[in-house]
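Novice: Numbering follows my numbering, with no gaps: position 64 of the sequence shown is 57.
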Amino acid sequence: MAILNYAPPVSPYIEILHQDDDILVLNKPSGLLSVPGKAVEHKDSLQLRVQRVFPTATIVHRLDMATSGLMLMALNKDSHRHLSRQFELRQTSKRYQAWVWGTLENKAGSVELPLICDWPNRPKQMVDHERGKPALTYYKTLEQQAQCAKVELIPVTGRSHQLRVHMLSLGHPILGDRLYAHADALAMAKRLQLHACEISFCHPKSQEKLTFSSPSPF
């Protein structure tokens, strides 16, 4: 599926929440790619913008284009290696907030369904019990309204579109999701209602445990 009418927000151009000699913590807006796309018109991305100011900055994890919130970048090779290792070993923790369709039967629980790329419909992902990679998400209802619920989502694994597909599998697609939401859920929001609101990790040099948060914009 091609990116249609890519017009990422430009104000603020970059939002830096923390900066030191080794890392950057940034707030990515919805609608901006984490890394450049293949097409020339899709080059604008968080990575490109940051590297114009910090040429040594490298991406250690990504957020979907439509997802907003916290992203971490390394400013040197040692930091990149250290942070990448933390993500690989699941020593980091991330917390998201989302608005989803309907009322969840269980106010809290988990979804453990293996995911794989739905190749004919890429970039969509799908549940596949034979070939999919393990994926685990914890969820909790924070607020209930008539047609939708605000939920907290904690991914243990970091599969592509994991939170979006796992909530869909429960029958509660995320509002404004152009890939997975049905017409009613899509119409309830102009953007994907998914925000990376908290990230915790160990600083690559000091080994100090750090936690950063970003209030949900919706």
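Note that CB positions come from ideal geometry on N, CA and C, so glycine has one too. It should be emphasised that the depicted structure is a prediction, and the values quoted were computed from it without experimental measurement.
1. Do residue 162 and residue 190 count as a contact pair if the criterion is CB distance below 9 Å?
2. Which same chain residues end up closer than 7 Å to residue 38 when comparing Cβ atoms and leaving out the 5 residues on each side of it in sequence?
3. Are the CB atoms of residue 146 and residue 89 within a distance shorter than 9 Å?
4. Run the CB neighbour count on residue 148, radius 10 Å, all protein chains shown included, and call it buried at 16 or more, exposed below.
5. How is the beta strand (DSSP E) around residue 189 delimited, first residue to last?
6. Does the CB of residue 199 have a neighbour CB from chain C at under 9 Å?
7. Tell me the rounded alpha-carbon separation between residue 68 and residue 50.
8. Using 10 angstroms around the beta-carbon of residue 103, count the other beta-carbons present and answer buried if the total reaches 16, otherwise exposed.
9. By Cβ distance below 6 Å, which residues in the same chain neighbour residue 59 in space, the five residues on each side in sequence not counted?
10. Compute the Euclidean distance between the alpha carbons of residue 82 and residue 72, then round it to the nearest angstrom.
11. Can you check whether the CB of residue 134 is closer than 9 Å to the CB of residue 100?
12. So what's residue 202 in DSSP terms, helix, strand or just coil?
13. Is it buried or exposed for residue 171, if we count other Cβ within 10 angstroms and need 16 for buried?
14. Run through DSSP, which three-state label would residue 20 get?
15. By Cβ distance below 6 Å, which residues in the same chain neighbour residue 198 in space, the five residues on each side in sequence not counted?
16. Classify residue 8 as helix, strand or coil using the three-state DSSP reduction.
17. How many whole angstroms separate the CB atoms of residue 212 and residue 128, which I take to be in contact at a CB cut-off of 8 Å?
18. Mark residue 124 as exposed unless 16 or more other C-beta atoms lie within 10 angstroms of its C-beta, in which case mark it buried.
19. Where does residue 181 sit, in a helix, a strand or coil, going by DSSP?
20. Using alpha carbons as the reference points, say which of 8, 178 and 157 lies closest to residue 140.
Specialist: Considering the structure as presented:
1. Start at 1 with the first residue of the sequence shown, and residue 190 comes out as number 197. Start at 1 with the first residue of the sequence shown, and residue 162 comes out as number 169. Not in contact: residue 190 and residue 162 (Cβ atoms no closer than 9 Å).
2. Looking up residue 38 in the sequence shown gives position 45. So the list reads 25, 26, 27, 28 and 29, once near-sequence residues are dropped.
3. The residue you call residue 89 lines up with position 96 of the sequence shown. The residue you call residue 146 lines up with position 153 of the sequence shown. Closer than 9 Å, so yes.
4. The residue labelled residue 148 in the question sits at position 155 within the sequence shown. Buried, by the Cβ-count rule.
5. For this step, residue 189 is matched to residue 196 along the sequence shown. 187 to 195 is the extent of the beta strand (DSSP E) around residue 189.
6. Included in the structure is just one protein chain, with no chain C present.
7. Along the sequence shown, read from residue 1 onward, the residue named residue 68 stands at position 75. Along the sequence shown, read from residue 1 onward, the residue named residue 50 stands at position 57. Near 4 Å, if we compare the C-alpha coordinates of residue 50 and residue 68.
8. Here the question's residue 103 lines up with position 110 in the sequence shown. Its Cβ having fewer than 16 others within 10 Å, residue 103 is exposed.
9. Start at 1 with the first residue of the sequence shown, and residue 59 comes out as number 66. So the qualifying residues of the chain are 23 and 185.
10. Along the sequence shown, read from residue 1 onward, the residue named residue 82 stands at position 89. Along the sequence shown, read from residue 1 onward, the residue named residue 72 stands at position 79. Taken atom to atom, the span from the alpha-carbon of residue 82 to that of residue 72 is near 15 Å.
11. Here the question's residue 100 lines up with position 107 in the sequence shown. Here the question's residue 134 lines up with position 141 in the sequence shown. Yes. Within cutoff.
12. Taking the first residue of the sequence shown as position 1, residue 202 is located at position 209. Three-state result, residue 202: strand.
13. Reading the sequence shown from its first residue, position 178 is the one you call residue 171. Under this definition residue 171 is an exposed residue.
14. Start at 1 with the first residue of the sequence shown, and residue 20 comes out as number 27. Here residue 20 sits in strand by DSSP.
15. As a position in the sequence shown, residue 198 is number 205, starting the count at 1. Hits under 6 Å: 15.
16. Locating residue 8 in the sequence shown gives position 15, where the first residue counts as 1. Residue 8: coil per DSSP, three-state reduction.
17. Only positions -6 to 211 of the chain appear in this structure, which leaves residue 212 out of reach.
18. By one-based count along the sequence shown, residue 124 stands at place 131. Classification for residue 124: exposed.
19. By one-based count along the sequence shown, residue 181 stands at place 188. It is coil, neither helix nor strand.
20. The residue labelled residue 140 in the question sits at position 147 within the sequence shown. The shortest Cα separation from residue 140 among 8, 178 and 157 belongs to 178.
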